[in-house]
Amino acid sequence: MTTTLKQCPKCGATVPSEAPQGLCPRCVLAEVAVDQSLPPAAQTDVPSLDRVAKAFPQLEIVELIGRGGMGFVFKARQPHLDRFVALKLLPDKLAGDPNFAERFGREGRVLARLNHPNIVSVFDFGQAGGFYFLLMEFVDGVNLRQAMGTGRFSPAEALTIVPMICEALQYAHEKGVLHRDIKPENILLDANGRVKIADFGIAKLVGEDKPSVTLTGTGTALGTPHYMAPEQLEKPGDIDHRADIYSLGVVFYEMLTGELPIGRFKPPSARTPLDERIDEIVLRALERERELRQKNATEFKTQVEHVASHPTPPGESAGARGPHGTAVVAIEAPKVVKRTAQVLLGVGIFNWIGSIVIVSLVVFTDFGDRLPVPASMENGFELIPILALSSLIIFGALKMMRLESFPLAIAASVLAMITTPGNIVGLPLGIWSLSTLLRKDIRAAFAQRRRADGSGAPTVRNEVSRYSHKAIWSAVLIGFSLLLPAFIIAVRALLASQWRAGIGPGELSLGGGLSIASGLAGTILGWIALSDIRAHRDQLRGLPLAAFGALAWPVLVLLTAGVFAASPYIYYLRGANSRMPLAALFLMAVAAALPTFAIWMVYTTARWASGKQATQPHGMLRWIFASVLLFGIAIASASMAKKSAGPQAGGELEAAPTTTDTNAWVRFTFTAVEFREEGEKRWLAFDYLDHVQGVCEPAFRYESTVVGFSGQTRKSSFLVNVNDPPPVRYQRIEFRLPPATTQIQGQQFRNDLKWYVGKSVKVDVGSEKPLFMLAIEDGTISGSIGAVRPLAVQ
Amino acid sequence: MAATSPFLPTRWTLVVRAQGESEESRAALSELCENYYQPVLRFLLREGRDEDAARELTQEFFARILGRGAIGAADPARGRFRTYLLGALKHFLADHRDSQQRAKRGGGRPVESLDVQREGESPIEFPDTAAELRDTFFDREWALAIMDRALRAVHDEFAREGKSAHFDALKPWLVGDTLQLSQAQVAAQLDWSESAVKVGVHRLRKRFRESIRAEIAQTVGEGGDVDTELRYLVEVLSQVSGDGG
Chain A
0 MTTTLKQCPK CGATVPSEAP QGLCPRCVLA EVAVDQSLPP AAQTDVPSLD
50 RVAKAFPQLE IVELIGRGGM GFVFKARQPH LDRFVALKLL PDKLAGDPNF
100 AERFGREGRV LARLNHPNIV SVFDFGQAGG FYFLLMEFVD GVNLRQAMGT
150 GRFSPAEALT IVPMICEALQ YAHEKGVLHR DIKPENILLD ANGRVKIADF
200 GIAKLVGEDK PSVTLTGTGT ALGTPHYMAP EQLEKPGDID HRADIYSLGV
250 VFYEMLTGEL PIGRFKPPSA RTPLDERIDE IVLRALERER ELRQKNATEF
300 KTQVEHVASH PTPPGESAGA RGPHGTAVVA IEAPKVVKRT AQVLLGVGIF
350 NWIGSIVIVS LVVFTDFGDR LPVPASMENG FELIPILALS SLIIFGALKM
400 MRLESFPLAI AASVLAMITT PGNIVGLPLG IWSLSTLLRK DIRAAFAQRR
450 RADGSGAPTV RNEVSRYSHK AIWSAVLIGF SLLLPAFIIA VRALLASQWR
500 AGIGPGELSL GGGLSIASGL AGTILGWIAL SDIRAHRDQL RGLPLAAFGA
550 LAWPVLVLLT AGVFAASPYI YYLRGANSRM PLAALFLMAV AAALPTFAIW
600 MVYTTARWAS GKQATQPHGM LRWIFASVLL FGIAIASASM AKKSAGPQAG
650 GELEAAPTTT DTNAWVRFTF TAVEFREEGE KRWLAFDYLD HVQGVCEPAF
700 RYESTVVGFS GQTRKSSFLV NVNDPPPVRY QRIEFRLPPA TTQIQGQQFR
750 NDLKWYVGKS VKVDVGSEKP LFMLAIEDGT ISGSIGAVRP LAVQ
Chain B
0 MAATSPFLPT RWTLVVRAQG ESEESRAALS ELCENYYQPV LRFLLREGRD
50 EDAARELTQE FFARILGRGA IGAADPARGR FRTYLLGALK HFLADHRDSQ
100 QRAKRGGGRP VESLDVQREG ESPIEFPDTA AELRDTFFDR EWALAIMDRA
150 LRAVHDEFAR EGKSAHFDAL KPWLVGDTLQ LSQAQVAAQL DWSESAVKVG
200 VHRLRKRFRE SIRAEIAQTV GEGGDVDTEL RYLVEVLSQV SGDGG
């Protein structure tokens, strides 16, 4: 006899022809072996049917149908009414608590008043036979846990169940009753598909709403905290209806995916094909901060029903990106695009670092003189455009990696080819990148990505939204506080020029006080508005205005501080000779960091207020780039400032005519000679003024050298005399005396050289004049002074 | 958790206790034999007999057991009905073969077999792998019989409630959860909601579980562990593939 043999849908093996009912025997028996409906527990705990029957003579006790931390549930029958009921007996341990009776009475009355088709009704409650009991509606069905055990819920099914749960929750919440223990075991489904929620408020009554994971005599842990909202775990006394919403979110997630949302969990649509708008709903309910969750069960229900009634056809994404960024269809960029983008990124970074290093070297050190840099790099001025272009390359490369912004990717590739100093490498790479980008399949990938981002289906949000009043007032106050000083200054100037009468100190202080007061008030109001808008994103608008109000003054203060911090050194730079001291560099960095910090503050506040997640690590990189960019700008402007400072009277930045031959000279005037001793070391020091005269470059450099005993040269360190206008400068030269020189000798030398005090010597550029010659034990020390021609004169 | 009431002894317990001496225990044994006719028959078929001969032999076997009343040398306290039955069957077969051989070889005269043990010699023992396979085969048939009985019982329950259609539609899920089965399809077929299907599946599984555990419990003795027996049967089913009709 031939029969077509079937395959078992579970294990795939062939089902033998003699298998009973055509079912795979192994799987069937295995299923029974595995299935344990109730965990093994000590039998001693369960009240015997006898005892229960005696306590409730008016009921026919049928069987035990459930047990848990909240007591035992029996199926019973009311013969008088010919209906089945559920008899819940609370744990014996409560019977001993004197306060419990009163609480039980109170809570029981409240629970009995809950009358809703989706809530298991409480018919009666009280004490009998040593038990605290609740007599409830019997639901002939399964709980959600058991239903999930038979297979994952289809999204459609889940979407029909959840609104019913919401209705029940809303009803109870309006009556002031929280469930506190929403979990699949407490949600019942009957054969008609109706949802009934059991054990409302019982958790609190029994003390189960707190996450005490203690062990009972049966060896089972009480309560699973996975469904509890964070605030329920941390501050159990301070929870509201939104804790139930959180629990509902967990249950919803589990219904859809079969797993609990713990740790870094993926959104439901990543685990199961479903409408991505559901992700938003679920993730919002699971927000740690309850202000960010749906504000009530009805809102939850509306959102779910909206998605259920406006389905997007499968395969197309809704496109809208919610605050969790979950509704984005991430298209994987082909590997080749990624590689190209990384290379471009490298070029951009190389340009950045390279250009800053080179310019710093050139501007601040002698070493830079010897580098074969293109002329355009001499001047720090060029730094700014290079940095900007390199940033563009970097930005374009980053976008390219995510298949965004096709034009920007093209631009980045082109820029990589031309921006120095990386253009040597950038040229071939840029060409390669362009050829990749212009490929048909790559272009299609970009277009696809654009389409996924571009189409904007409406996010699930309430239609009603108003403008935040606090934001408006805050902006007004800030505006007033900023304009008032400007107004006062303008008026003062006007009055001063016209009638020679200024504004008195009284008015000034009044104005200043008003300004500060309104500024303070406006700032505080702005912050309040910001947190309001954050909490009620759906209903309040006006984030930009509130941000302006909250941040205007703080940013202003920071920027002013930055300018003040930097200013002495900018001034200092104008008189600079050569290398900038480290302290000045540091201060410049600080001054650059302050505005960056100010901008970061604004940006982060805006993100916080719109409820986005905190900046990720790679986001910080942007800020580091920004501050380094600013730093670069600062250096560039500093070098610019340096060039403009010259020996012209009045400090005019007149560019001198450039010649290869200057007819400049330097007059050195000696003002003091000194013999110094420092431990073992002995020095002779000359103080002098040098005065550059004639036609020459503003940044003309000259050196004074004193040839010491063993050919040492010593550069001078200089002091700025703020009383003399440049270009006359004080200088000091020191040279070291050989160790054999005695103190007496040193002093003798000094006396000899005192002759120089008050004398001056003119030295032409490019020439050297001897100063002195001293005889010492092993030879002579000679000193000369010269004005060295600059290495490269433009 | 045993599904049987602790108050009523299982049939096998009855048999064991009374050693077949009481009316009750004889009835119990008779019922057990009736229920487990199939495994014995199929075992005998596999031994290479044609159907009619096998059937006859099966009858003979059961007659012998029931006629005896007592259950012979096997130690019933430790075993289960299954192991007892297999043991008895093997004994029976051995006896039968001997008598057959004797009949063939010219009735009555003892034949000197070369295998007969001589004095002082220990017999050459070869490990009998074939025997193991036979045992496993029997156990497998046993498992199938158990399953069949349990399924029938549940099916009859459903039929009494007028819900045979439900049983047939939902029974595929007795193998467990799998994506290959579509709850949605069945829901449409029965005109139910998906939740209702879930509820139905859950209930069916529960009832089947109770039924099969009851069935197994009847065949293990006092202090017998239904779970162990069940697990063993699952194991047996995993090893042996169907031998076909």
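For the record, the sequence lines run as chains A and B. Residue numbering for the first sequence follows numbering that gives the first Met the number 0, beginning at 0 and increasing consecutively. Residue numbering for the second sequence follows numbering that gives the first Met the number 0, beginning at 0 and increasing consecutively. Even for Gly, the Cβ is constructed at its ideal location relative to N, Cα and C. Please read these numbers as outputs of a predicted model, since none were measured by experiment.
{"Query": "A:Leu343 versus A:Thr301: straight-line alpha-carbon distance, rounded", "Result": "48 angstroms"}
{"Query": "Proximity of A:Lys182 and A:Tyr226 at Cβ, strictly below 8 angstroms", "Result": "yes"}
{"Query": "Residue-chain proximity (A:Arg25, chain B), Cβ-Cβ < 8 angstroms", "Result": "yes"}
{"Query": "Three-pair Cβ contact test at 8 angstroms for the segment 226 to 238 of chain A versus the segment 175 to 189 of chain A", "Result": "yes"}
{"Query": "Local Cβ density within 10 Å of A:Phe103, reported as buried at 16 or more and exposed below that", "Result": "buried"}
{"Query": "Amino acids of chain A, ordered along the chain, whose beta-carbon sits closer than 7 angstroms to that of B:Thr177", "Result": "Pro8 and Lys9"}
{"Query": "Identity of the residue in A:Asn191, A:Gly561 and A:Glu136 nearest A:Thr159 by Cα", "Result": "A:Asn191"}
{"Query": "Straight-line gap, A:Ser626 to A:Pro543 (C-alpha atoms, nearest Å)", "Result": "24 angstroms"}
{"Query": "Neighbourhood of A:Gln169 by C-beta distance below 6 angstroms, restricted to the same chain and skipping five residues each side", "Result": "Ala296 and Thr297"}
{"Query": "DSSP three-state assignment for A:Pro769, whether helix, strand or coil", "Result": "strand"}
{"Query": "Pairwise C-alpha distance: A:Phe199 and A:Leu110", "Result": "7 angstroms"}
{"Query": "Contacts that A:Leu188 makes with chain B (C-beta to C-beta distance below 8 angstroms)", "Result": "Ser194, Lys197 and Val198"}
{"Query": "Min CB distance A:Val31 to chain C below 8 angstroms", "Result": "Chain labels in this structure do not include chain C; the protein chains are A and B."}
{"Query": "Beta-carbon spacing of A:Val138, A:Lys195 below 8 angstroms", "Result": "yes"}
{"Query": "Residue-chain proximity (A:Asn422, chain B), Cβ-Cβ < 8 angstroms", "Result": "no"}
{"Query": "Contact set for A:Ser120: own chain, Cβ-Cβ below 6 angstroms, skip 5 residues either direction", "Result": "Glu136"}
{"Query": "Euclidean distance between Cα positions of A:Leu143 and B:Arg212", "Result": "25 angstroms"}
{"Query": "Integer Cβ distance of B:His201 from A:Gln20, believed to fall under 8 angstroms", "Result": "About 19 angstroms separates the two Cβ atoms, so there is no contact after all."}
{"Query": "Own chain residues within Cβ distance below 7 angstroms of A:Phe761, not counting five before or after", "Result": "Residue 761 of chain A is actually Lys in this sequence, not Phe. Trp664 and Arg666, listed in sequence order."}
{"Query": "Any chain A beta carbon closer than 8 angstroms to B:Val233", "Result": "yes"}
{"Query": "DSSP-derived helix/strand/coil call for A:Glu462", "Result": "Low confidence applies here, because A:Glu462 scores a pLDDT of 48, under 50, leaving its location unreliable; read the following figure in that light. Note: A:Glu462 maps to coil in three-state DSSP."}
{"Query": "Counterpart residues of A:Arg76 in DSSP-defined beta bridges", "Result": "A:Glu59 and A:Phe83"}
{"Query": "C-alpha distance - A:Phe748 paired with A:Leu360, whole-angstrom precision", "Result": "40 angstroms"}
{"Query": "Expected contact under 8 angstroms - CB spacing of B:Arg41 and B:Glu156 to nearest Å", "Result": "Not quite, the Cβ-Cβ distance comes to about 27 angstroms (not below 8 angstroms), so this is no contact."}
{"Query": "Cβ neighbours of A:Glu462 in the same chain (closer than 7 angstroms, five flanking residues each side left out)", "Result": "Confidence at A:Glu462 is low in this model, with a pLDDT of 48, below 50, so the placement of that residue is unreliable and no value is reported for it."}
{"Query": "CB-CB length for A:Ala590 against A:Gly561, believed under 8 angstroms", "Result": "5 angstroms"}
{"Query": "Interface flag, B:Arg10 vs chain A, CB-CB below 8 angstroms", "Result": "no"}
{"Query": "Nearest neighbour of A:His240, chosen from A:Gly257, A:Phe299, A:Met254 and A:Leu188 [CA to CA]", "Result": "A:Phe299"}
{"Query": "Residue from A:Met587, A:Arg621, A:Lys337 and A:Val306 with nearest C-alpha to A:Tyr602", "Result": "A:Arg621"}
{"Query": "Three CB pairs or more closer than 8 angstroms across the segment 7 to 14 of chain A and the segment 22 to 34 of chain A", "Result": "yes"}
{"Query": "Contact list for B:Ala216 against chain A, beta-carbon separation under 9 angstroms", "Result": "Those within 9 angstroms of B:Ala216 in chain A number zero; the least Cβ separation is about 13 angstroms."}
{"Query": "Which of helix, strand or coil DSSP assigns to A:Lys5", "Result": "coil"}
{"Query": "Where B:Val174 meets chain A, residues with beta-carbon distance less than 7 angstroms", "Result": "Cys7, Pro8, Lys9, Leu22, Cys23, Cys26, Val27 and Glu30"}
{"Query": "Residue from A:Ser530, A:Val672, A:Thr256 and A:Leu736 whose Cα sits closest to the Cα of A:Gly678", "Result": "A:Leu736"}
{"Query": "Length at least 3, wholly inside the segment 146 to 202 of chain A: the beta strand (DSSP E) runs in chain order", "Result": "186 to 189 and 194 to 196"}
{"Query": "Cutoff 8 angstroms: B:Leu44 Cβ touching any chain A Cβ", "Result": "no"}
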